[in-house]
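S.K.: Got a structure for you, questions after.
Protein chains: 2
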Amino acid sequence: MARYEHTCTIRGDGGRAIRAVLDRICDKWTMLVVATLDGGHMRFGELHRHIPGISQRMLTLTLRKLERDGLVSRTAYAEVPPRVEYALTAMGRSLIPPALTLAGWAIENNAAIEESRARYDDRPR
Amino acid sequence: MARYEHTCTIRGDGGRAIRAVLDRICDKWTMLVVATLDGGHMRFGELHRHIPGISQRMLTLTLRKLERDGLVSRTAYAEVPPRVEYALTAMGRSLIPPALTLAGWAIENNAAIEESRARYDDRPR
DNA sequence: CGGAATCCCATCAGATACTG
DNA sequence: CAGTATCTGATGGGATTCCG
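Spelled out as structure tokens, the structure:
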């Protein structure tokens with residue numbers, strides 16, 4: 001009976017909740033940017049240096065999306081040269097613990113998954 | 001000082017851990033399939049009916065990937081008509097709690113995010 | 001410095017048709 | 001029933017160039 005009990009939290013609405021979170025954070029860079037900003041406010045270039053592999057374009061797009069969603073605040077200072085600082089909002093910070101939970105799972109199971117893949121790919125046929 | 005302390009869990013390896021989990025579960029259907037299988041073993045057609053919007057093709061691809069990663073087991077019975085049952089492995093089940101944590105965050109903050117988006121899109125300019 | 005604009009390609013994912 | 005094969009359009013994301 002209670003078999004589907006807690007599952008309903010994740011897809012009781014036909015998957016709308018989980019779809020919402022996936023649409024929000026499941027691109028290549030969002031989680032990484034949020035995690036990086038957890039260290040405090042940071043400038044654009046600083047972020048760029050701290051996130052290996054990200055392009056200027058994708059950093060901009062990711063930050064805009066996060067700003068739009070209210071997870072990141074953007075503060076531009078009227079200076080020359082320009083200075084722009086990004087920081088997590090309270091809601092942005094609240095995403096860190098759930099993200100850590102998931103990251104923890106990834107670390108714990110990474111080896112097992114790699115093994116499984118190797119086995120699958122080496123299987124006869 | 002410990003400002004970056006727990007962040008290192010999420011991206012201390014240059015983001016490899018979080019990248020691994022993202023690459024694994026962050027497509028359109030994986031989480032939904034895992035969540036649906038949490039109810040117990042299920043046949044292909046059953047899954048297809050329980051996941052609104054998924055195409056046969058994407059269900060197949062998603063299940064193959066999950067099987068390869070060792071999160072889902074596939075059992076084919078030599079019958080006519082054919083019967084194939086899918087179920088979560090122990091590792092697959094262990095993904096549910098972290099997923100729930102994230103889904104919970106999504107539900108709690110969904111409204112606030114929608115509001116933020118509306119405000120952002122209505123802003124002057 | 002912090003972007004915006006453009007071009008281009010690779011992958012994702014839907015629709016449809018066919019099969020053991 | 002449980003897939004596979006193929007085609008096609010949509011999206012994601014990198015490289016490059018230009019600008020206030």
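Here the protein sequences come in this chain order: A and B. Sequence positions in the first sequence follow the UniProt record's numbering and run 1 to 125. Sequence positions in the second sequence follow the UniProt record's numbering and run 1 to 125. We put the CB at the ideal spot given by N, CA and C, even for glycine.
#1: If we cut at 8 Å on Cβ distances, does B:T101 have a partner in chain A?
#2: When the cut-off is 8 Å and only beta carbons count, does A:L47 lie next to chain B?
#3: If you measure from the CB of A:D121, is any heavy atom of the ligand GTP nearer than 7 Å?
#4: Buried or exposed: where does A:D69 fall if 16 or more other Cβ atoms within 10 Å of its Cβ makes it buried?
#5: Got a sec, what are the start and stop residues for the alpha helix (DSSP H) A:S73 sits in?
#6: Could you check whether the Cβ of B:R117 sits closer than 8 Å to any Cβ belonging to chain A?
#7: Report yes if the CB atom of B:M103 is closer than 8 Å to the CB atom of A:I51, and no otherwise.
#8: Chain A partners of B:V21, CB-CB under 8 Å?
#9: DSSP has B:A87 in a bridge; who is on the other side?
#10: Express the C-alpha separation of A:A20 and A:C26 in angstroms, rounding to a whole number.
#11: Whole-angstrom Cβ separation of B:L47 and B:Y77, contact assumed at under 8 Å?
#12: Express the C-alpha separation of A:D122 and B:I113 in angstroms, rounding to a whole number.
#13: Assign B:R123 to one of three DSSP states: helix, strand, or coil.
#14: Between the alpha carbons of A:L32 and A:D23, how many angstroms are there, rounded?
#15: Could you have a look at A:T7 and say whether DSSP puts it in helix, strand or coil?
#16: Could you tell me whether the Cβ atoms of A:I96 and A:D38 are closer together than 8 Å?
#17: List the residues that DSSP assigns as beta-bridge partners of A:R43.
#18: Given a cut-off of 8 Å, decide if B:L71 and B:L88 are closer than it, judged by their beta-carbon atoms.
#19: Could you give the residue range of the alpha helix (DSSP H) that holds A:K28?
#20: Please report the distance separating the alpha-carbon of B:S55 from that of B:T30.
#21: For A:R93, which residues in the same chain have their Cβ closer than 8 Å to its Cβ, ignoring the five residues on either side in sequence?
#22: Pick helix, strand or coil for A:M1, following the three-state DSSP scheme.
#23: Among A:P82, A:N109, A:T62 and A:P124, which one has its Cα closest to the Cα of A:S73?
#24: Can you name, in chain order, every residue of its own chain whose Cβ lies under 8 Å from the Cβ of A:V34, other than the five neighbours on each side?
#25: Can you check whether the C-beta of B:M58 is within less than 8 Å of a C-beta belonging to chain A?
M.R.: According to the data block:
#1: yes
#2: no
#3: Judged by which ligands are present, the structure shown has none, so any question about the ligand GTP falls away.
#4: When all chains shown are included, A:D69 counts as buried.
#5: Unbroken run through A:S73 is the beta strand (DSSP E), V72 to Y77; no alpha helix (DSSP H).
#6: Interface residue, yes.
#7: The question names Met, yet the displayed sequence has Ala at residue 103 of chain B. Not closer than 8 Å, so no.
#8: What B:V21 touches in chain A: L102, A103, W105 and A106.
#9: B:S73
#10: 10 Å
#11: Actually they do not touch by this definition, with Cβ atoms about 16 Å apart.
#12: 45 Å
#13: coil
#14: 15 Å
#15: Note on A:T7: pLDDT 48, under 50, position unreliable in the model; no value is reported.
#16: yes
#17: A:E85
#18: yes
#19: It is not in any alpha helix (DSSP H) - A:K28 carries neither H nor E in the DSSP assignment.
#20: B:S55 and B:T30 have their C-alpha atoms some 13 Å from each other.
#21: D38
#22: Summary for A:M1: the model assigns pLDDT 35, below 50, so the residue's position carries little reliability; its value from the coordinates is reported in the next sentence. Coil, per DSSP.
#23: A:T62
#24: Same-chain partners within the cutoff: I25, L66, L71, V72, L88, G92, L95, I96 and A99.
#25: no
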